[in-house]
Amino acid sequence: MKNYCVVQHTYSEFLALIEAQLEKRDIGFSYYRPFVGQDLPGSAAQFDGLWLLGGAWPTADRENNPQVPDELSLIDIFRRSQRPVVGLGMGGLLVAEQAGGTASEEPPYVARFTTAHKTAAGEGDPVAEAVDGHRVLQLHHGSVELPEGLEPIMVDDDGQWLMVRPDELTYGMLFRPEAKPGMLEDILMEGDHNPPPNMGELLGEARMEWNQMQQVTDELLVALVKQLSLMQERRKMPVFSLQIEGDG
């Protein structure tokens, strides 16, 4: 069975809408939660790919995100192993930072709906084509300035990067296709989270946009599954069990 490594940064933010869709395709997940002290895997050998989810703090805030160096190393491991990598929100920032970008704690948050615009670099990219012209939920803290040579394949209404593709199997997105209104409610209720002050208004807008949000996620997933061959099971190292025989 296909098994993807998923790095979760808060209790309330998980694959949600995406998970249900991918499970229908016989894709399983192993969640890792560094925010409760769980170690990240040191290898990509047992996984078919990597997903990095949203979070409550900027990646540059190492006091609240001390695990960021380990996550950057993990992205590097998966990229060198030629496994798909998809980052959403904070995960998208991590993808851009690992590709050579510079992380900043500013702005404190971005929480809004914006229109996704395909760039010249995104021409012909199936994922960019699937989202182009749609309104998407942009939700993250802080920012990452892209390195020279890495052109965004999508930008937001202000012309700031919204999606990058550092290599053929890696995407970083600042919008949140996995999110649904219930997740935004959970973010508001999670005690250790850092919700943006306009989260209540954003939740109301998400409820009104819900049908359109599901449609965008469906179209995005079809493109990701095809472009990253998510249905393909990568060769994984066998798991050995050590059996010790007694003397008698």
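Under the numbering used here, think of the first position of the sequence shown as 79, with each following residue one higher.
C-beta atoms are modelled at their ideal positions from N, C-alpha and C, and glycine is treated no differently.
As the structure is a prediction and not an experimental result, all values here were calculated from the model.
Just checking my contact of residue i with residue j at CB under 8 angstroms: how many whole Å lie between their CB atoms?
i	j	result
M251	K196	Contact flag wrong, Cβ pair sits at about 13 angstroms.
S159	A122	4 angstroms
Q290	R213	7 angstroms
L150	L247	Incorrect: roughly 17 angstroms between the Cβ atoms, too far for contact.
E268	Y89	6 angstroms
P259	W288	6 angstroms
K80	I105	5 angstroms
P225	G179	5 angstroms
A284	L262	6 angstroms
Could you say which of the options lies nearest to residue i if we only look at CA atoms?
i	options	result
T193	M241, I153, R157	M241
G127	R140, V164, E91, E97	V164
F113	R161, N142, Q124, I155	N142
L130	F156, Q238, G278	F156
R190	A198, L215, G179	L215
L171	R161, D139, G202, E201	D139
A181	E91, E223, H218	E223
R254	L118, E101, G132	G132
D236	E246, R243, V188	V188
P185	S221, A174, D203	S221
V303	E101, A94, V85, E91	E101
A174	A94, D296, Y249, E91	Y249
Just the C-alpha distance for residue i and residue j, rounded to the nearest angstrom, thanks.
i	j	result
A301	V209	9 angstroms
M309	N272	35 angstroms
R103	G167	24 angstroms
L298	F107	19 angstroms
S319	G227	Residue placement at S319 cannot be trusted, given a pLDDT of 43 that sits under 50; what the coordinates show is reported in the next sentence. Cα-Cα distance, rounded: 46 angstroms.
L281	V294	18 angstroms
V146	E183	13 angstroms
G200	D264	34 angstroms
R161	G278	37 angstroms
T118	V84	Note that residue 118 is Leu in the sequence shown, not Thr. Cα to Cα, the separation comes out at about 10 angstroms.
D296	G211	15 angstroms
D148	Q124	18 angstroms
A94	P230	26 angstroms
From which residue to which residue does the alpha helix (DSSP H) around residue i run?
i	result
L171	168-176
G127	Premise fails: G127 lies in the beta strand (DSSP E), 127-130, not in any alpha helix (DSSP H).
S151	146-158
W288	277-305
P259	259-267
A98	95-101
The beta strand (DSSP E) with residue i in it runs from where to where?
i	result
E181	The question names Glu, but residue 181 in the sequence shown is Ala. Taken as a continuous stretch (DSSP letters only), the beta strand (DSSP E) holding A181 covers 180-182.
G202	That residue, G202, is in no beta strand (DSSP E); it is neither H nor E in DSSP.
K80	80-85
L240	239-245
Q310	Counting along the chain, Q310 falls outside any beta strand (DSSP E), and DSSP gives it neither H nor E.
Y110	105-110
Mind checking whether the beta-carbon of residue i lies closer than 6 angstroms to any heavy atom of the ligand PLP?
i	result
G237	In the structure shown, the ligand PLP is absent, as is every other ligand, since no ligand is present at all.
Suppose the cutoff is 6 angstroms on Cβ atoms and the five residues either side in sequence are ignored; what does the same chain contact list for residue i look like?
i	result
A134	T88, H271, N272
Given residue i, which residues of its chain have a CB within under 8 angstroms of its CB, disregarding the five upstream and five downstream residues?
i	result
D154	Q176
With a CB to CB cut of under 7 angstroms and the five nearest residues on each side skipped, what residues in its chain are close to residue i?
i	result
P274	Y187, A189
R312	D126, R161
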